[in-house]
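First residue of the sequence shown? That's 241 in this note's numbering, and the numbers climb one at a time after it.
Here's the structure we're looking at; comments come further down.
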Amino acid sequence: MAGTDGVTGGTGAGWSDRFEQGLHPFIERFNASIGFDITLLQEDLDGSVAHARMLGRCGLISSDESAALIEGLETIRREAAAGSFVPGLDDEDVHFAVERRLIALLGPLGKKLHTGRSRNDQVGTDLRLWLRRRIDGLDERLQRFQRALLHQALDHAETLIPGYTHLQRAQPLLLAHHLLAYVEMAQRDRERLADVRRRVNVSPLGAAALAGTPLPIDRRATAADLGFEGVYANSLDAVSDRDFTVEFAAAASLVMAHLSRLAEEVIVWASEEFGFVRLSDRCATGSSLMPQKKNPDVPELVRGKTGRVFGHLQGLLTMIKGLPLAYNKDFQEDKEALFDCVRTTEDCLEAMAIVFEEGLAFRPERLARAVQSDYANATDVADYLVGRGVPFREAYQLVGGLVKTCLEEGVLLRDLPLERWQALHPSFEADIHAAIDPRRVVEVRTSEGGTGHRRVREQLERWSALLL
Ligand code: ARG
């Protein structure tokens, strides 16, 4: 492992001649991050290209040297695409791997790339570039997920579904209203990620190891070249800030929490007991033993994977707590957490989008039967009396008593004859039956944000304009 093509020609990967012995083989593996930070290869090359360009423009190297370094870096990019750039453990990390290959390609000139730069500002740059791109991908996936929900909502603009509180039947809703609630959550997720992105999009490059550099570098130039919106004002903060990983994990955790809630609903809806949706063969699996089964594996996996992302949030917070300034190797631990947060959230968003695109069908007949078969219109009986001057609390008590007797008799409110209503209160008239029909019960809830058809239609139009 004591490579002779090492970055400095020392004993191990990239150390100075201060080191006389190579690393213990176990420690070499323990220390290395190349197994996972190879994920950052493109961003490492991008950052190095910008750095090499800046070195040339600032006169720290000649413009020919700058061009040759950039060409060498692009050669490595091509080699990676062709599968011939295969770093080993002795490269330690992606940064050393690239630098070492550059030196192998260009000879002594390759050794000029690291001028005025440290791996500490380099890794921070790579990670931010990588995360910025993936946040953009997450926004696209969130939109696709929103669109999948919106299409179902548009298809069910008239379908009713029981609404629950405490998972007890509460009041009927438009199914579209229920689905749009998740579209709203996803929108907040998008806003949160966009906000995190602003703080991710700041360049630490040029902070060097921790204190800056005496060399006349131009941090603004590399920042602009890489599309960063600004530079860190403090070099210590630049190399030791991992707040953005925590913020991102928190935003991703909320995405997952929302997906998990929806996943739970799908699982419940698909049960025999609810029967509100039928799972299509595209997204459900069978049992190896029970031939009758069709399992909602996809939402179950989404629900289960939520724990990973929550766990990474806790892990990242714990990782940075107690770290003195500036760089500490502990930071190397941010990568696998961040990578897994991103991949898990991406996958779960895509999976749930597919479920709503083609993995389930709502069952209008079951939903209609469900909304007809409960006492979820009891509030509307009370509201009916309120409309005729009865104080709400008195109406509430009366209806409570009525529901109790109906439950005992096993009859529904809608099946009570007019005499029964009038015996309860003289204000009841023949229109009580229409007033408690579930469709009407929904129709009249037109307060802003309510489930009334008119309000939901407005929202469907609003979201269609935004998403379709
Ligand atoms: N592989 C390292 C990481 O991920 C790169 C930075 C190393 N810097 C250092 N001073 N050892 O954090």
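By construction, the Cβ of each residue, glycine as well, lies at the ideal position given by its N, Cα and C atoms.
In this text, all values refer to a predicted model and were calculated from it rather than measured experimentally.
Could you spell out where the beta strand (DSSP E) holding residue i opens and where it closes?
i: G403; result: L400 to T405
i: P412; result: Q408 to L414
Which residues bound the alpha helix (DSSP H) around residue i?
i: V289; result: L281 to R297
i: L600; result: Element bounds for L600: not the alpha helix (DSSP H) but the beta strand (DSSP E), L600 to F602.
i: E659; result: L658 to L664
i: R339; result: Note on identity: in this sequence residue 339 is Glu, with Arg being the wrong assignment. Start and end: V334 to L346.
i: K351; result: Note, K351: premise wrong, no alpha helix (DSSP H); not H, not E.
i: T645; result: F632 to E649
i: M530; result: First-last for M530: undefined, no H or E at that position.
i: D477; result: S475 to S480
i: Q362; result: R359 to D395
i: Y615; result: Taken as a continuous stretch (DSSP letters only), Y615 belongs to no alpha helix (DSSP H), as it is neither H nor E.
i: I457; result: I457 -> no alpha helix (DSSP H), and no H or E assigned at all.
i: F484; result: D483 to W509
i: F276; result: I274 to D277
i: P678; result: P678 to E683
i: G312; result: S303 to A322
i: E512; result: No alpha helix (DSSP H) holds E512; DSSP gives it neither H nor E.
i: H673; result: I672 to A675
Can you check DSSP and say which residues form a bridge with residue i?
i: G470; result: V442
i: V517; result: F602
i: T584; result: Per DSSP, none; premise fails for T584.
i: N535; result: T525
In its own chain, which residues sit with a C-beta less than 7 Å from the C-beta of residue i, not counting the 5 before and 5 after it?
i: H335; result: D284, R359, Q362 and V363
i: A337; result: I274, P327 and D331
i: I676; result: N617, D620, V621, L653 and R654
i: V276; result: Rather than Val, the amino acid found at residue 276 in this sequence is Phe. For F276, where only same-chain residues beyond five positions count, the Cβ hits under 7 Å are K575, E576 and F579.
i: V542; result: L499, S500, A503, C588, A591 and M592
i: G250; result: Caution is warranted here: a pLDDT of 38 is assigned to G250, below 50, making its placement in the model unreliable, and the coordinate value is therefore given only provisionally. Excluding sequence neighbours, G250 sits near S256, D257 and F259.
i: M559; result: D570, E573 and D574
i: M425; result: H498
i: E319; result: F325
i: L281; result: A320 and V334
i: F632; result: A622 and V626
i: A416; result: A393, H396, A397, V696 and L700
Between residue i and the rest of its own chain, which residues show a CB-CB distance below 6 Å, the 5 nearest in sequence each way excluded?
i: V471; result: S443, R459 and A463
i: R702; result: none
i: F550; result: S493
i: R258; result: none
i: R341; result: I316
i: G452; result: S475
i: T546; result: M496 and S500
i: T485; result: L556, D574 and L578
i: Q662; result: F668
i: Q554; result: none
In or out: residue i buried (at least 16 other Cβ within 10 Å) or exposed?
i: T365; result: buried
i: D465; result: buried
i: T691; result: buried
i: I316; result: buried
i: E530; result: Note on identity: in this sequence residue 530 is Met, with Glu being the wrong assignment. Exposed, by the Cβ-count rule.
i: R438; result: exposed
i: E380; result: exposed
i: A344; result: exposed
i: A613; result: Sequence inspection shows Ser at residue 613; the Ala mentioned does not correspond to that position. By the neighbour-count rule (16 or more Cβ atoms within 10 Å), S613 is not buried but exposed.
i: I267; result: exposed
i: R697; result: exposed
i: V538; result: buried
i: R428; result: exposed
i: H264; result: exposed
i: L413; result: buried
i: V651; result: exposed
i: G446; result: buried
i: L455; result: exposed
i: D481; result: buried
Assuming residue i contacts residue j under a Cβ cut-off of 8 Å, what Cβ separation, rounded to an integer in Å, is found between them?
i: L700; j: R387; result: Not quite, the Cβ-Cβ distance comes to about 13 Å (not below 8 Å), so this is no contact.
i: A397; j: G403; result: The Cβ separation is near 16 Å, so there is no contact.
i: L389; j: V423; result: 5 Å
i: Q572; j: S273; result: 5 Å
i: G350; j: G312; result: 7 Å
i: A489; j: L556; result: 5 Å
i: F602; j: V684; result: Not really, about 23 Å apart at Cβ, beyond 8 Å.
i: A448; j: G356; result: 6 Å
i: A461; j: L419; result: About 48 Å; that fails the 8 Å criterion.
Could you tell me if the beta carbon of residue i falls within a distance shorter than 6 Å of some heavy atom in the ligand SAH?
i: R359; result: This structure simply doesn't include the ligand SAH; it includes the ligand ARG instead.
Less than 8 Å between C-beta atoms, sequence neighbours within five positions excluded: which residues of the same chain meet that for residue i?
i: E659; result: none
i: E598; result: S520, R522 and C523
i: I310; result: V289, A292 and R293
i: C646; result: Y615, L652, L653 and L656
i: E688; result: R695
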